[in-house]
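Let me begin by presenting the structure, written as structure tokens, before commenting on it.
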Amino acid sequence: MNLYFASNLKFLRKRKKKTQEFVASSLGMARSTLNNYENEITQPTVSALMAFSDYYRIAMDSLLRVDLRELGESQLYELEQGTDVYIRGKNIRVLATTVDRLNRENVELVPKRARAGYLGGYSDPEFIADLPVFQLPFLSPDKKYRTFQLEGDSMLPIPDGAWVTGEFVQDWTSLRNGQLCVVLTLNEGLVFKQVENELDENQRLRMVSLNPVYQPYCIAAQEILEVWRFVHYIAHELPEPSDLEKISHGMSGLKQALGEIRERLGLASPGL
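If you want it as structure tokens, here you go:
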């Protein structure tokens, strides 16, 4: 069924700011043929579908069955990079998102008070639309970002209450060991951890806290709902130095004071 083929062709062409004449010429077809496809006058042949799929870098089934106008720019970018349910054979994760008046992806804020509701509303466009939003000009326009407020001390020196911004991860198998991620899980809700990717071997992620007081644990892939790769964080206070750093600074000061005392007493420095 060609549910969205005509509207998708028109949308993709306008998104690339191309004329019918230009696209038709690039594909070796008459402009009138392309016009007939875009206006549902003519049904596409298999060869035409293949040509449009290659030209726009979108899988044929997506051209036919997915309303591309409903997707955000970051989702379209993912499709064009090959992260497609019909190309990759994996579940595509459709993300509820918001855009500003210029159709730029917003960065939504998930404060502490909204964390509990996020588990039930992460895929609900109305819930996401009610979150505060902002823009960060140094972030890539081709990717999707969201900011979450931390709760607890498991990721010290990143303090409780800090705001962590993450990049949406479509393909979880791309996660590298040691990456910091915000992970939405069925049983724990939002957690911020350093992850070790064990998806290929054991279908799970191993979650490691930066604070050594907390023991690592594993989450099965079927319990994971979203993954956001760490980009940066904002906090109202500087991280506290570790006990080791305090001891190091103290020893340094002690050595300096001893040196000054020995100089005043005219004593030679001790040998090594």
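The opening residue of the sequence shown carries number 0 in numbering that gives the first Met the number 0; numbering runs sequentially from there.
The beta-carbon is built from N, C-alpha and C at its ideal position, and this holds for glycine as well.
Between the CA atoms of residue j and residue i - distance to the nearest angstrom
i       : j       : result
Tyr-36  : Ser-61  : 16 Å
Asp-129 : Val-168 : 22 Å
Ala-58  : Met-28  : 20 Å
Trp-162 : Ile-223 : 21 Å
Gly-249 : Met-154 : Low confidence applies here, because Gly-249 scores a pLDDT of 47, under 50, leaving its location unreliable; read the following figure in that light. Computed Cα separation, rounded: 25 Å.
Ala-220 : Glu-187 : 14 Å
Ser-52  : Thr-172 : 25 Å
Asp-99  : Ser-122 : 19 Å
Thr-32  : Asn-105 : 38 Å
Phe-126 : Ala-95  : 9 Å
Thr-18  : Asn-38  : 15 Å
Tyr-216 : Ser-25  : 53 Å
Ile-157 : Phe-191 : 10 Å
Leu-101 : Val-207 : 39 Å
Leu-204 : Arg-175 : 11 Å
Leu-48  : Leu-135 : 38 Å
Asn-7   : Arg-14  : 10 Å
Arg-30  : Glu-20  : 5 Å
Asn-34  : Ala-50  : 15 Å
Ala-234 : Lys-9   : 45 Å
Val-45  : Tyr-54  : 14 Å
Thr-97  : Glu-200 : 36 Å
Gly-177 : Glu-236 : 25 Å
Pro-124 : Glu-69  : 12 Å
Gly-120 : Pro-131 : 14 Å
Local Cβ density within 10 Å of residue i, reported as buried at 16 or more and exposed below that
i       : result
Leu-189 : buried
Glu-211 : Note that residue 211 is Pro in the sequence shown, not Glu. So Pro-211 counts as exposed.
Val-65  : buried
Arg-12  : buried
Gln-202 : exposed
Ala-23  : buried
Lys-16  : exposed
Ile-246 : Note that Ile-246 has pLDDT 38, beneath the 50 cutoff, so the model's placement of it is unreliable and the number below is only indicative. By the 10 Å Cβ count, Ile-246 comes out exposed.
Pro-43  : buried
Arg-145 : buried
Glu-107 : buried
Phe-133 : exposed
Leu-78  : buried
Phe-4   : buried
Ile-40  : exposed
Leu-2   : exposed
Ser-139 : exposed
Leu-67  : buried
Gly-71  : buried
Lys-111 : exposed
One or two residues paired with residue i in a DSSP bridge
i       : result
Glu-195 : Arg-205
Leu-179 : Gln-193
Tyr-117 : Note: Tyr-117 sits in no beta bridge, so no partner.
Thr-164 : Thr-146 and His-231
Ile-218 : Leu-204
Val-109 : Phe-147
Nearest-angstrom beta carbon gap, residue j and residue i [assumed within contact, 8 Å]
i       : j       : result
Asp-159 : Asp-170 : Their Cβ separation, rounded to whole angstroms, is 31 Å, which puts Asp-159 and Asp-170 out of contact at 8 Å.
Val-109 : Gln-74  : About 19 Å; that fails the 8 Å criterion.
Tyr-76  : Thr-164 : Rounded, the Cβ-Cβ distance is 18 Å, inconsistent with contact.
Contact test: residue i Cβ vs the ligand FAD heavy atom, cutoff 7 Å
i       : result
Tyr-232 : As presented, the structure is devoid of all ligands, the ligand FAD included, so that no description of it is given.
Residue-level contact to chain B via CB, residue i, 8 Å cutoff
i       : result
Cys-217 : Protein chain content of the structure displayed is limited to a single chain, and chain B is not contained in it.
Check whether the stretch 177 to 185 touches the stretch 219 to 233, counting contact only when three or more Cβ pairs, one atom from each stretch, lie closer than 8 Å. yes
Touch test, the stretch 105 to 115 against the stretch 190 to 209, Cβ-Cβ under 8 Å, three pairs minimum: no
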